[in-house]
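Residue numbers (this note's numbering): 226 to 497.
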């Protein structure tokens with residue numbers, strides 16, 4: 226597994242390495258995170274680079290339905306019981322292989338929980354959702370599942386009371402949104418910083434990673450078991466409670482971290 230520093234260096238399209246970005250920064254570095262769960266890492270990095278690391282909070286805004294498509298999603302979720310549904314999304318930059326799509330599809334089917342799944346295909350690839358999924362899939366899952374192609378209003382979905390879990394690649398923005406709305410994570414990291422983020426999710430006890438096989442492949446049975454643990458089973462109570470606790474702490478702080486950023490910047494500019 227790559228370290229965060231190595232991962233950022235190897236990320237395609239990055240103009241600067243992680244080291245270079247910090248070197249070019251001034252005395253203050255703003256980071257999209259919260260001291261509640263990364264306090265010791267913020268302090269460690271500050272000491273390491275001899276610059277003040279200032280957390281800016283989650284920067285997540287609550288969302289409302291904007292069009293007929295969003296309204297349809299909300300009506301579907303309104304029919305589901307509280308915390309009974311899992312949202313599935315792997316972000317805007319990663320596309321699942323056909324093998325991975327089948328593993329996730331079968332995992333959702335075996336879990337027996339409600340789900341709403343946003344699937345994206347590479348630009349120019351002409352394939353229907355029905356063709357991408359196992360034969361007879363929609364007939365078997367019935368009203369229990371909704372699969373949509375392309376972009377989904379993630380924040381709006383995550384803040385809906387019927388959502389009880391988030392199957393996620395653990396991109397940082399998705400992680401922060403999940404925490405903001407108190408939704409525990411079923412982690413399936415893919416690349417770059419995501420494996421490290423998934424480790425953090427487990428470390429702070431607000432999610433569980435779905436283990437892969439010895440060849441690094443997703444396993445449908447493991448996906449199903451992890452979803453059930455996080456959403457349904459007694460063994461997942463601590464995870465569900467921790468997600469709620471972190472969300473409440475974040476809400477209680479309000480604009481405290483942003484206010485702190487303003488104070489730091491005003492002080493910095495005054496001394497220039």
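Just so it is clear, CB atoms sit at the ideal spot from N, CA and C, and this is done for glycine as well.
Using a threshold of 7 Å, state whether the C-beta atoms of residue i and residue j are closer than that.
{"i": "residue 455", "j": "residue 409", "result": "yes"}
{"i": "residue 405", "j": "residue 281", "result": "no"}
{"i": "residue 380", "j": "residue 402", "result": "yes"}
{"i": "residue 457", "j": "residue 392", "result": "no"}
{"i": "residue 334", "j": "residue 313", "result": "no"}
{"i": "residue 268", "j": "residue 474", "result": "no"}
{"i": "residue 451", "j": "residue 411", "result": "yes"}
{"i": "residue 305", "j": "residue 387", "result": "yes"}
{"i": "residue 407", "j": "residue 469", "result": "yes"}
{"i": "residue 336", "j": "residue 453", "result": "yes"}
{"i": "residue 416", "j": "residue 316", "result": "no"}
{"i": "residue 247", "j": "residue 277", "result": "no"}
Assign residue i to one of three DSSP states: helix, strand, or coil.
{"i": "residue 483", "result": "helix"}
{"i": "residue 329", "result": "helix"}
{"i": "residue 339", "result": "strand"}
{"i": "residue 247", "result": "helix"}
{"i": "residue 452", "result": "helix"}
{"i": "residue 314", "result": "strand"}
{"i": "residue 344", "result": "strand"}
{"i": "residue 319", "result": "coil"}
{"i": "residue 496", "result": "coil"}
{"i": "residue 476", "result": "helix"}
{"i": "residue 238", "result": "Annotation note: pLDDT 46 at residue 238 (below 50); position unreliable, coordinate value reported separately. Looking at residue 238 - three-state DSSP - the assignment turns out to be coil, as it is neither helix nor strand."}
Roughly how many angstroms lie between the CA atoms of residue i and residue j, to the nearest whole one?
{"i": "residue 432", "j": "residue 309", "result": "16 Å"}
{"i": "residue 233", "j": "residue 418", "result": "For residue 233, the pLDDT reaches just 46, beneath the cut-off of 50, and the residue's location in the model is therefore unreliable, although a value from the coordinates is still provided. Their Cα atoms are separated by approximately 7 Å."}
{"i": "residue 377", "j": "residue 356", "result": "20 Å"}
{"i": "residue 465", "j": "residue 472", "result": "11 Å"}
{"i": "residue 363", "j": "residue 371", "result": "9 Å"}
{"i": "residue 491", "j": "residue 384", "result": "34 Å"}
{"i": "residue 358", "j": "residue 326", "result": "7 Å"}
{"i": "residue 291", "j": "residue 382", "result": "12 Å"}
{"i": "residue 341", "j": "residue 389", "result": "11 Å"}
{"i": "residue 445", "j": "residue 426", "result": "21 Å"}
{"i": "residue 296", "j": "residue 287", "result": "16 Å"}
{"i": "residue 329", "j": "residue 443", "result": "8 Å"}
{"i": "residue 321", "j": "residue 346", "result": "8 Å"}
Tell me, which residues are paired with residue i by DSSP?
{"i": "residue 277", "result": "253"}
Report task. Could you pull out every unbroken beta strand (DSSP E) segment of at least 3 residues lying fully inside the stretch 368-449, listed in chain order? Result -> Complete beta strand (DSSP E) runs here, min 3: 370-374, 388-393, 410-412 and 432-434.
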